[in-house]
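Each residue of the sequence shown is one higher than the one before, starting from 1 at the first, in the working numbering.
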Amino acid sequence: MKPGILVTGGAGYIGSHTGLHWGEAGENLVILDDLSTGHREAVQYGKFVQGDMDDKALVLDLIAQHNIDTLVHFAAKTCVPESVARPLHYYDNNVAKFGRLLDYCVEGGIKQVIFSSSAAVYGKPKESEVTENTPCEPINPYGASKLMDEVILRDAAKAHGFRFVALRYFNVAGCDVKQRIGRDNDDVPGLVKIVAEAAVGKREYVPITGTDYETPDGTGIRDYIHVDDLAEAHVQALTYLREGGTNNIFNCGYGHGYSVREIIQMAEKVWGKSIPIKIMPRRPGDPACLIANNEKITEILKWKAQHDDLEVILKTALDWEKRHSL
Ligand code: UFG
1 MKPGILVTGG AGYIGSHTGL HWGEAGENLV ILDDLSTGHR EAVQYGKFVQ
51 GDMDDKALVL DLIAQHNIDT LVHFAAKTCV PESVARPLHY YDNNVAKFGR
101 LLDYCVEGGI KQVIFSSSAA VYGKPKESEV TENTPCEPIN PYGASKLMDE
151 VILRDAAKAH GFRFVALRYF NVAGCDVKQR IGRDNDDVPG LVKIVAEAAV
201 GKREYVPITG TDYETPDGTG IRDYIHVDDL AEAHVQALTY LREGGTNNIF
251 NCGYGHGYSV REIIQMAEKV WGKSIPIKIM PRRPGDPACL IANNEKITEI
301 LKWKAQHDDL EVILKTALDW EKRHSL
């Protein structure tokens, strides 16, 4: 049997898009998701199992039944303010449970791990463009939990002989360009989803959280990466590991950014109508500008962006929102 890929959180936004890319490539996928935030209909390929990643017997059984040699771990709590309010819940779910899952996978003989990390590990860096060597100083429990997971991976890989890639996601946005799946209601919508919801009338307005940053138009700048390009980064990471690649960490972003106002302007152009906004105070802990230096992923994983186009990001997000607001 072809080696299998165990995908935790594969019914969520990024996991389901990645599953689509692997499914189309004929990979042997097993999706394990408790559906706490994911959606069953977003899983279009592979075997779907509704269950808990902390269920040792289940995980060991899936590994044995499906000849699993790779763990791809998306399942995590991702809401920054919630992580500040409930740090122990975040450390339990994102760190303690992940450590146990890894332990089961080691026992089951898994050889490779691809891990969803985050730009949140950098915190509020001094320079606005960060490389993988920029010091990691997370400023909230969510970012700290992802950094702890990277340390767990490093130490466990060394001790137990598996190899891993951690992908540090920047601001993931947009939906499947073929519109088979998208971004459904979740607790952490992100700016592009919020703009799309305001466009279709699900929200009264887009709150612009801070207009006095040291940026050309005063609003925060981020590196928005289309979810299909991020999915492809996972595909390339698996190819890299299969070819014997060593443990590595990669930024996932385009290397340039857009301000909140630029996002709204492009959304209005695509949508053809104005979108209501409301000026709000800054959110605590938000950096003015956060951009990925992506030289490493481009060079080592041979990753190439296919949708580095703000119009495509917004069009796919708006189209999805429109179809799902009827
Ligand atoms: N913003 C608004 N209004 C909103 C929401 C966001 O103006 O309603 C602004 C923010 O101030 C920021 C930009 O839009 O300037 C992007 O904010 P998001 O909330 O979309 O994303 P963040 O950059 O805060 O966070 C994202 C992920 C986190 C992850 C982080 C890593 O959502 O999970 O990137 O840098 F931790």
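All C-beta atoms, glycine included, are put in the ideal place defined by N, C-alpha and C.
The three-state secondary structure of Phe98, taken from DSSP, is helix. Beta-bridge partners assigned by DSSP to Ile114: Val72, Val165.
Positions of the beta strand (DSSP E) runs, each at least 3 residues long and wholly inside the segment 208-235, are given as 224-226 in order along the chain. Remark: the C-beta of Asp286 is in contact range of ligand 1, defined as less than 7 Å to any heavy atom. DSSP links Met280 through a beta bridge to Thr209. Contact annotation: the segment 222-238 does not touch the segment 194-201, with fewer than three C-beta pairs closer than 8 Å. About 23 Å separates the beta carbon of Ser16 from that of Tyr90, a gap too long to meet the 8 Å contact definition. If only complete runs of 4 or more residues are kept, the segment 132-204 shows the alpha helix (DSSP H) at 141-160, 190-199, in order along the chain. For Ile297, there is no enclosing beta strand (DSSP E); the residue is part of the alpha helix (DSSP H) that begins and ends at 295-300. Residue pairing by DSSP leaves Ile63 without any beta bridge partner. Not one heavy atom of ligand 1 sits closer than 7 Å to the Cβ of Leu310. The residues Asn28, Asn67, Ile68, Asp69, Thr70, in chain order, have a CB closer than 8 Å to that of Pro3 in the same chain once the five nearest residues on each side in sequence are set aside. Excluding its 5 nearest sequence neighbours in each direction, Val121 has C-beta neighbours in its own chain below 6 Å: Cys136, Pro138, Gly143, Lys146, Leu147, listed in chain order. Annotated as distal: Ile221 and Asn171, with beta-carbon spacing of 8 Å or more. Counting along the chain, the unbroken alpha helix (DSSP H) around Gln265 starts and ends at 260-271.
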